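Read the structure below first, then the notes.
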Amino acid sequence: MIKEQPPPAALSWAAEVAGPGASIRTVRRLTGGTHAATHLLATTGDTAEIVLRRYPPGDMAAAKEANVLAALDGLDGWAPRLLDADPDGRRFGEPAVLISRLPGRADITPTSPHAAAAQLGRTLARLHASSLARLAGLRDGMAAATASSARAERSAPAAAILANHRHRLAEQHPVLTHYDFWSGNVLWHNGTLTGIIDWSGASLAPRGFDVSWCRLDLVLLHGPDAATAFLYAYQEAAGEAVPELALWDLFALTNSHHSVETWLPNYHDLGRTDLTAAALRKRHTAWTHQRLAAYRGR
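Just so you know, the UniProt record's numbering puts 103 at position 103 of the sequence shown, and the rest follows in order with no gaps.
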């Protein structure tokens, strides 16, 4: 992660975008995420607040996020709007985007995890109902996942199952998929979910991709009951069940089999300092056993 404050050239760029004669009044780092350095910039211009996201040199995520946000065009208020982009890092050596600020803040320590999980489910169902008319240019999420998960699938407990049945997942109808829909990539205000952030991976993929990924995150944070509350709310809002749910859960578990401990900095940054790498592995393993049993007993 890029930890230092934004360089002067980045602030000058943001001031230009904020409006004629604008200047940057304050710079505040936003918590969550270890990939991009994210800062909230308060300005004196027409655009009072701007979010600056900077990526390591050579990283393609800025270009991907810019393309996705341009296509989403705010997603009826659920996604930030793209204000400007420097995907090649020509201004100050780091690929970056400037985006609008959504109300709220990240919160993975809700008073009622089940109520929060239900809101996550209803919001995801709304996302998945988005029209695909303007989104045909988004990447194929299943193809991208297959290309990046070869190592994990060789040794993960569900490797053989996925090798034989992955095609059943890929053949399902695609929807707008966030690709990293978890508790830390949504914002809250007064207990209400207000927006979705970090869109660089957005793809076209079956709904089970996001559903299973969020269920895994909820298990790690709050336990299987929260994952169930999320699923019930999602399916009620979507008006249909998620086909091959157990197989999708194994898909998410397999894709995270070698990396779940690396999620710890994200959780700590957002306040879950009680979690340890050993605890994440233990919960991941227990969820794997549970979902393997569900798949074999279906």
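We treat Cβ as the ideally placed atom computed from N, Cα and C, and that holds for glycine.
This one's a predicted model, so the numbers in the text were calculated from it and none came from an experiment.
Comparing alpha-carbon positions, which option in the options lies nearest residue i?
i	options	result
D140	L270, H178, G271	H178
H128	G271, H258, Y234, I161	Y234
A117	A145, G223, P206	G223
Q5	G19, L41, A22, P20	L41
T56	E94, T26, H257, R291	The amino acid occupying residue 56 in the given sequence is Pro; Thr does not appear at that position. Considering only alpha carbons, the answer is E94.
D46	A18, E65, D76	A18
G74	G195, F230, D269	G195
D107	L52, T192, P80	T192
residue 302	H258, H173, D225	The requested residue 302 does not occur in the structure, where the chain is confined to residues 1 to 298.
A294	G21, D88, A158	A158
R53	G89, G77, G297	G89
D217	L11, H189, S130, G121	G121
R81	R25, E49, R281	E49
L231	P87, T31, H114	H114
W287	Y267, L247, L132, S112	L247
N185	D76, R29, L270, P8	L270
R29	V51, S23, R154	V51
S256	H268, Y267, T285	T285
R154	P87, W78, A227, T254	T254
E236	L124, A156, G77	L124
R91	R281, L204, P8, S130	P8
H289	A226, V219, N266, S259	V219
R134	R126, L102, D225, L204	L204
D84	P20, E16, Q119	E16
A79	S23, R296, S130, P110	S130
A229	H258, E261, S112, L102	S112
H258	Q119, E171, L102, L280	L280
A160	W263, R296, D76	R296
L187	L102, E65, V27, A22	L102
E65	P87, L264, A22	P87
L264	D225, A227, L221	L221
A227	Q119, S23, R25	Q119
V27	G21, L11, P20	L11
Tell me residue i's beta-bridge partners as DSSP assigns them.
i	result
I196	V186
R298	In the DSSP output, where bridge partners are listed per residue, R298 has none listed.
L176	L204
R291	BP columns for R291 are empty, so no partner.
E49	A42
T26	A42
L82	I99
A37	R54
Between residue i and residue j, which are expected to be in contact by the criterion C-beta below 8 Å, what is the C-beta distance as a whole number of angstroms?
i	j	result
F251	L176	About 18 Å; that fails the 8 Å criterion.
R283	D249	Actually they are not in contact, since the Cβ atoms of R283 and D249 sit about 13 Å apart, beyond 8 Å.
G137	H189	With a Cβ gap of about 32 Å, G137 and H189 do not count as contacting.
T44	A14	Between A14 and T44 the Cβ distance is about 11 Å, and since that is not below 8 Å, they are no contact.
T31	R272	At roughly 12 Å, the Cβ-Cβ gap does not stay under 8 Å, so T31 and R272 are not in contact.
- Query: How do the region 185 to 204 and the region 68 to 80 stand: do at least 3 beta-carbon pairs fall below 8 Å, yes or no?
  - Reply: yes
Give a yes or no on contact between the region 24 to 39 and the region 49 to 66, applying the rule of three or more CB pairs nearer than 8 Å. Flag = yes, the region 24 to 39 and the region 49 to 66 touch.
- request: Could you tell me whether the region 263 to 278 touches the region 163 to 181, using the rule of 3 or more Cβ pairs below 8 Å?
  value: The region 263 to 278 vs the region 163 to 181: no contact.
>> Three Cβ pairs or more, each shorter than 8 Å: is that satisfied between the region 164 to 175 and the region 226 to 240?
In response: no
Worksheet item: Looking at C-beta atoms only, is the number of pairs between the region 131 to 146 and the region 202 to 218 that lie closer than 8 Å three or more?
Response: yes
Worksheet entry | Start-end ranges of the alpha helix (DSSP H) lying completely within the region 95 to 163, minimum 4 residues | 113 to 128, 141 to 148, 150 to 155
Q: Determine, using beta-carbon pairs with one atom in the region 212 to 222 and one in the region 90 to 106, whether at least three such pairs fall under 8 Å.
A: Short answer: they don't touch.
>> Ignoring anything shorter than 4 residues, give me the alpha helix (DSSP H) runs that lie fully in the region 224 to 269, in order along the chain.
In response: Within the region 224 to 269, the complete alpha helix (DSSP H) segments at least 4 residues long are 224 to 238, 245 to 255, 264 to 269, listed from N- to C-terminus.
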